[in-house]
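Undergrad: Sharing a structure, written as structure tokens. Questions coming.
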Amino acid sequence: MSEAEARDVEMSTQAPAHKSPRTLGYLLAVLAGCSWASFVVIGRLLAATDVDPLTIVTLRLATAFVILAGVLAVVDRRLLSFERRDLPLFLGYGLCQAANFAFYFLAIKYTTGTTAVILMYTYPAFVAGLGRLFLGERLDRHKVLALVCVLFGSFLVAGGWSPGALGYSPAGIAAGFAAALGMAAASILGKRAVRRYSSWTVVLWGLGFGTLFLGAALLGRLDTVRAVPGEVWVGILLAALVPALAAHGLFIMALTHIEATRASLAAGIEPVAGAVLAWLFLGERLVAAQWLGAAAVLAGVVAIQARDLGWRPAGRRRGGRAAQASETGAGLPPVDAR
Numbered sequence: 000m001s002e003a004e005a006r007d008v009e010m011s012t013q014a015p016a017h018k019s020p021r022t023l024g025y026l027l028a029v030l031a032g033c034s035w036a037s038f039v040v041i042g043r044l045l046a047a048t049d050v051d052p053l054t055i056v057t058l059r060l061a062t063a064f065v066i067l068a069g070v071l072a073v074v075d076r077r078l079l080s081f082e083r084r085d086l087p088l089f090l091g092y093g094l095c096q097a098a099n100f101a102f103y104f105l106a107i108k109y110t111t112g113t114t115a116v117i118l119m120y121t122y123p124a125f126v127a128g129l130g131r132l133f134l135g136e137r138l139d140r141h142k143v144l145a146l147v148c149v150l151f152g153s154f155l156v157a158g159g160w161s162p163g164a165l166g167y168s169p170a171g172i173a174a175g176f177a178a179a180l181g182m183a184a185a186s187i188l189g190k191r192a193v194r195r196y197s198s199w200t201v202v203l204w205g206l207g208f209g210t211l212f213l214g215a216a217l218l219g220r221l222d223t224v225r226a227v228p229g230e231v232w233v234g235i236l237l238a239a240l241v242p243a244l245a246a247h248g249l250f251i252m253a254l255t256h257i258e259a260t261r262a263s264l265a266a267g268i269e270p271v272a273g274a275v276l277a278w279l280f281l282g283e284r285l286v287a288a289q290w291l292g293a294a295a296v297l298a299g300v301v302a303i304q305a306r307d308l309g310w311r312p313a314g315r316r317r318g319g320r321a322a323q324a325s326e327t328g329a330g331l332p333p334v335d336a337r
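The sequence shown runs 0 to 337 under numbering that gives the first Met the number 0.
Here it is in structure tokens:
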């Protein structure tokens, strides 16, 4: 038995369920979803300005990168570096994040906000498929149930039941699915990266390379960056700290404890949290169908944790060591202890 497996067995036999690493992973993923949801309020305020959305998105990532790089330089400079052989991994991670932001923006532009949200929240399905293909993550009945609940709930919360809220531009629909695929691919690459590096190293270079790719689109429009008003910079700073830096950090930390599929489903709480925040701070009214959708998403978040909480017949329980190894990556090649 490897040292990692021995730790996993000891953890599963000695630690109380409510303190298990998996429970922490789910909590981190839910908090990540809630942090992402804060952009509903911040983004709505920024959208009311005259600044180009792509400029705001790029400056948001760049600001988050600079802040995190400064903090890590003071706390532990080793977290700023990665091995040259892993450059393609971090480039790919940053590219996927940039693609997610850019295509989501295009989906909103060519369809409607409702359609864009619905298409975006198909990403847990992509994560489930990619996780099975590249990470060997099993697709069990709890995941399928959670996936159905999250997809259906997101559809209702976004207002997909109202025909007037939907847009059917082929280009916009393609962009929405591309945004979802970018988010899913980033989740898979992030899961791979945290096997070798600190969560904050992964977040840092995801933001850094994401800024690099998005910034390339602004090279011919630097005047728009210089013209950003001071009050907009306050909003960009808030967007950098919470829905960019905190959310990505929490999600990547969740990936150190649970599978990418489980983390993406738990983070699916985002549209529900966003709707509640819009209700509280923007005065938006939620109708019965949206509350039903919120309940469905919450049911999905609970369903994905059902196996780990012990909600299954005793006769069908499987050995904890193999399951734990599947979640945390035990049995993989040794990793850097950064």
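Built from N, CA and C at the ideal position, the CB exists for glycine as well.
At which residues does the alpha helix (DSSP H) containing Q289 begin and terminate?
TA: Element bounds for Q289: 287-303.
Undergrad: Grouping DSSP H, G and I as helix and E and B as strand, with all else coil, what is I66?
TA: Looking at I66 - three-state DSSP - the assignment turns out to be helix.
Undergrad: I'd like the list of long-range same chain contacts for L146, defined as Cβ closer than 8 Å, with 5 residues on each side in sequence excluded.
TA: Closer than 8 Å at Cβ, skipping near neighbours: P123, A124, A127, L264, G299.
Undergrad: Thinking I235 and L58 are a contact (beta carbons under 8 Å), I'd like their distance in whole angstroms, please.
TA: Rounded, the Cβ-Cβ distance is 5 Å, consistent with contact.
Undergrad: Taking the alpha-carbon positions, what's the G42 to A277 distance?
TA: Between G42 and A277, the C-alpha separation is close to 11 Å.
Undergrad: Taking the alpha carbon of A170 as the point to measure from, which residue in M119, Y109, A185, G205 has its own alpha carbon closest?
TA: Of the candidates M119, Y109, A185, G205, the one whose C-alpha sits nearest the C-alpha of A170 is Y109.
Undergrad: In angstroms, rounded to a whole number, what distance separates the CA positions of L79 and G205?
TA: Distance between the alpha carbons of L79 and G205: 12 Å.
Undergrad: Considering only their Cβ atoms, is the gap separating L105 from A174 smaller than 9 Å?
TA: Yes.
Undergrad: Assuming A68 contacts L203 (C-beta within less than 8 Å), just tell me the rounded distance between them.
TA: Contact flag correct, Cβ pair sits at about 6 Å.
Undergrad: With DSSP collapsed to three states, give me the class of F102.
TA: DSSP places F102 in helix when its eight states are reduced to three.
Undergrad: For Y167, name the three-state secondary structure that DSSP assigns.
TA: Coil, per DSSP.
Undergrad: Within 10 Å of its beta-carbon, does Y167 have 16 or more other beta-carbons around it, so buried, or fewer, so exposed?
TA: Under this definition Y167 is an exposed residue.
Undergrad: Could you have a look at Y25 and say whether DSSP puts it in helix, strand or coil?
TA: It is helical.
Undergrad: Over what stretch of residues does the alpha helix (DSSP H) that includes V141 continue unbroken?
TA: Position check: residue 141 holds His in this sequence, whereas Val was assumed. Start and end: 140-156.
Undergrad: Kindly list the residues whose CB is nearer than 8 Å to the CB of V149, restricted to its own chain and excluding five residues on each side of it in sequence; keep chain order.
TA: Y120, P123, L264, G267, A295, V296, G299, V300, listed in sequence order.
Undergrad: Does the ligand GTP have even one heavy atom less than 8 Å from the beta-carbon of V296?
TA: Of ligands this structure carries none, so the ligand GTP is not represented either.
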